[in-house]
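Structure record follows, encoded as structure tokens.
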Amino acid sequence: MQTWDMDLEELKEEETSLPGSKLKTELLTVNMGPQHPATHGVLRVEIKTDSEVVAQAIPHIGYLHRCMEKHCEAIDYRGILPFVDRLDYLASMSQELTYSMAVEKMLGTEVPRRATVIRMIISEMQRIASHLMAFGTYALDLGAFSPFLYAFDEREKILTLFEDISGARLLYNYFWIGGVWNDLTDKNVEYIKEFLDNFEPELVKYDRLVSQNRIFQERTMGVGTLSLADAHSFGATGPVLRGSGSAWDLRKVDPYLFYNEVEFDVPVGEGQRGSEIGDCYNRYYVRMLEMVESVKIIRQSLKLLEPGPTLGKVSKVIKIPKGETYTRTECPRGELGIHLVSHGEKTPYRLKVKSPCFTHTSILPHIAPGQMIADFVASIGSIDIVLGEVDR
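Counted the way this note's numbering counts, the sequence shown spans residues 289 to 680.
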């Protein structure tokens, strides 16, 4: 593959070696997006290319900017929950959890044990649903349609559960400050167990269909490689960081909920099946292995369920004492952080969101130069961004 190690100014006018000719070429600027299926949302990437080879890629964001953080300064603490739902709208439960934990930390609210276990179960179900979306759309990006249908079939079963417990299929408002809005019934528990039993063989099928597929491997192995040093430099987290070989997972290194009471492994990129550590294949494969671990966590969490309340004591009008806190959790796409500052009023003085997707978008200009345009599509899909969280 051709690589660019010369200055962009040199690239603009490069003399060719055609006999008897001094024909000069210029880089072509192409806009990928914002309405483009490979950008995973309304992302525009300004690409400078020499034929099919990418010389430079500049992400342009902001097409989904909603002033979410500024709006939160004029909304009471309960009213903010539907706003955080809309950050990563493919993992809304995880967004709600992080915000609720931040408020609970400042209030000193004790969340009932049953509610905490339910939060763990639903969070891991959300992780599976999110990774299924990543798996299906990634295969679709690279030209495979069947995996997309398989993934959405299983994801639909999870959304059916979420609809049953919250009344919504995408934006839930289910994790409340102090616990959860609705309890899990015996019927819900049996539904989850049945889903897990049926889902494990599906993962084996996905592995044979996609992970072991020679064409898929050729499209992802050795493409978009991000070294561990670069991953740390860019502040990568989640599957992007673990795909580069680091076993950093907040559920292990800084446990919250009851993650310290269950056994699970942290999958990392190890150059599986001959790939390069930190390439597109490793980032993809880490997500596939994480779904296996999520199944383990949910099975153990179901055994921790005990009768009890699902909502702690929280006053109707929430006023947080003056102060600030930073709370982070391991969401499907990386570490989501909430920096909450209170001046003792009914509304926050400041609510700042640390978005993993925003961080990972900044990696694209680094890994793009020297790639074919088709490989750049694979690189975008491998970092699995959601623009609602990028722009906010």
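Where is the CB? At the ideal position from N, CA and C, for every residue including glycine.
For residue j and residue i, the rounded distance between their alpha carbons
i: Phe483; j: Val492; result: 15 Å
i: Met660; j: Thr337; result: 9 Å
i: Leu459; j: Val541; result: 29 Å
i: Leu430; j: Ser521; result: 29 Å
i: Met294; j: Arg415; result: Bear in mind that the predicted position of Met294 carries a pLDDT of just 46, short of 50, making it too unreliable to give a figure here.
i: Arg443; j: Leu420; result: 6 Å
i: Gly321; j: Gly424; result: 20 Å
i: Val333; j: His348; result: 6 Å
i: Arg366; j: Val342; result: 46 Å
i: Leu516; j: Ala362; result: 41 Å
i: Thr304; j: Ser339; result: Only weak support is given to the placement of Thr304: the predicted model assigns it a pLDDT of 43, under 50, and the value that follows is read from those uncertain coordinates. Cα to Cα, the separation comes out at about 14 Å.
i: Ala524; j: His648; result: 6 Å
i: Ala535; j: Arg571; result: 13 Å
i: Ser454; j: Asn476; result: 12 Å
i: Leu639; j: Asn461; result: 18 Å
i: Met413; j: Gly562; result: 31 Å
i: Tyr387; j: Glu633; result: 17 Å
i: Asp373; j: Ala456; result: 11 Å
i: Cys360; j: Met509; result: 43 Å
i: Glu688; j: Glu490; result: Any property of residue 688 remains undetermined from this structure, which presents the chain solely from 289 to 680.
i: Asn319; j: Phe504; result: 26 Å
i: Gln383; j: Phe450; result: 15 Å
i: Tyr351; j: Lys607; result: 34 Å
i: His654; j: Ala379; result: 27 Å
i: Phe546; j: Ile585; result: 10 Å
i: Ile406; j: Gly622; result: 21 Å
i: Cys568; j: Ala656; result: 12 Å
i: Asp471; j: Met381; result: 15 Å
i: Pro595; j: Ile368; result: 29 Å
i: Met408; j: Phe487; result: 18 Å
Residue i classed as buried or exposed, judged by whether at least 16 other C-beta atoms fall within 10 angstroms
i: His631; result: exposed
i: Cys355; result: exposed
i: Tyr614; result: exposed
i: Asp672; result: buried
i: Glu551; result: exposed
i: Ser589; result: buried
i: Asn548; result: exposed
i: Phe433; result: exposed
i: Val399; result: buried
i: Thr473; result: exposed
i: Arg553; result: Before going further, note that residue 553 is Asp rather than Arg in the sequence given. Exposed: under 16 other Cβ atoms inside 10 Å.
i: Asp485; result: exposed
i: Gln560; result: buried
i: Val678; result: buried
i: Gln500; result: exposed
i: Leu306; result: Unreliable placement is indicated for Leu306, whose pLDDT of 43 sits below 50; the coordinate value is still reported in the next sentence. That one is exposed.
i: Val605; result: exposed
i: Val467; result: A small correction: the amino acid at residue 467 is Gly; Val does not occupy that position in the sequence shown. Buried is the call here.
i: Thr317; result: exposed
i: Ser418; result: buried
i: Asp663; result: buried
i: Leu514; result: buried
i: Ile346; result: exposed
When the options are compared against residue i, the one with the closest alpha-carbon
i: Leu624; options: Pro644, Glu564, Val330 and Asn470; result: Pro644
i: Gly641; options: Ser670, Ile655, Lys607 and Gly676; result: With the sequence shown as reference, residue 641 is identified as Val, and Gly is not the correct amino acid for it. For the residues Ser670, Ile655, Lys607 and Gly676, the minimum Cα distance to Val641 belongs to Gly676.
i: Arg507; options: Asn319, Thr317, Gly669 and Pro322; result: Gly669
i: Arg587; options: Glu558, Glu478, Gly526 and Arg366; result: Glu478
i: Ala427; options: Glu392, Val498, Gly329 and Met579; result: Val498
i: Gly611; options: Thr635, Ser411, Asn570 and Ala379; result: Thr635
i: His324; options: Arg680, Pro370 and Val665; result: Val665
i: Ser411; options: Ser667, Tyr544, Pro595 and Leu316; result: Tyr544
i: Leu315; options: Leu331, Ile335 and His328; result: Ile335
i: Lys591; options: Ser563, Ile626 and Arg401; result: Arg401
i: His627; options: Ala390, Leu375, Ala439 and His353; result: Ala390
i: Tyr494; options: Leu599, Phe371 and Phe440; result: Phe440
i: Leu599; options: Val629, Ile409 and Ala403; result: Ala403
i: Gly658; options: His353, Gly512, Pro435 and His359; result: Gly512
i: His353; options: Asp376, Glu558 and Leu369; result: Asp376
i: Lys393; options: Pro609, Leu437 and Ala422; result: Pro609
i: Met576; options: Pro435, Phe371 and Leu331; result: Pro435
i: Trp469; options: Asp452, Pro620 and Ile480; result: Asp452
Whole-angstrom C-beta distance between residue j and residue i, which should lie under 8 Å
i: Val602; j: Thr448; result: Contact doesn't hold; Cβ gap of about 29 Å is too wide.
i: Gly566; j: Gly526; result: Actually they are not in contact, since the Cβ atoms of Gly566 and Gly526 sit about 14 Å apart, beyond 8 Å.
i: Val583; j: Val556; result: About 18 Å; that fails the 8 Å criterion.
i: Thr617; j: Leu529; result: The pair is not a contact, with the Cβ atoms about 15 Å apart (cut-off 8 Å).
i: Val258; j: Gly329; result: Beyond the ends of the chain as shown, which are 289 and 680, falls residue 258; an answer cannot be given.
Proximity test, residue i beta-carbon vs the ligand COA heavy atom, cut-off 6 Å
i: Asp376; result: Ligands are entirely absent from the displayed structure, and the ligand COA is therefore not among its contents.
Any alpha helix (DSSP H) of 4 or more consecutive residues that is wholly inside the segment 303-360: The qualifying runs are 356-359.
Runs of beta strand (DSSP E) lying entirely within the segment 597-623, each at least 3 residues, in chain order: 611-619
Every unbroken alpha helix (DSSP H) inside the segment 355-389 [4 residues or more]: 356-359 and 369-373, all fully within the segment 355-389.
Residue ranges of each alpha helix (DSSP H) within the segment 382-441, 4 or longer: With a minimum length of 4 residues, the unbroken runs of alpha helix (DSSP H) contained wholly in the segment 382-441 fall at 401-429.
Within the segment 521-558, ranges of the alpha helix (DSSP H) (whole runs, at least 4 residues): 526-531 and 538-541
Whole runs of the beta strand (DSSP E) within the segment 631-675, excluding any shorter than 3 residues: 638-642
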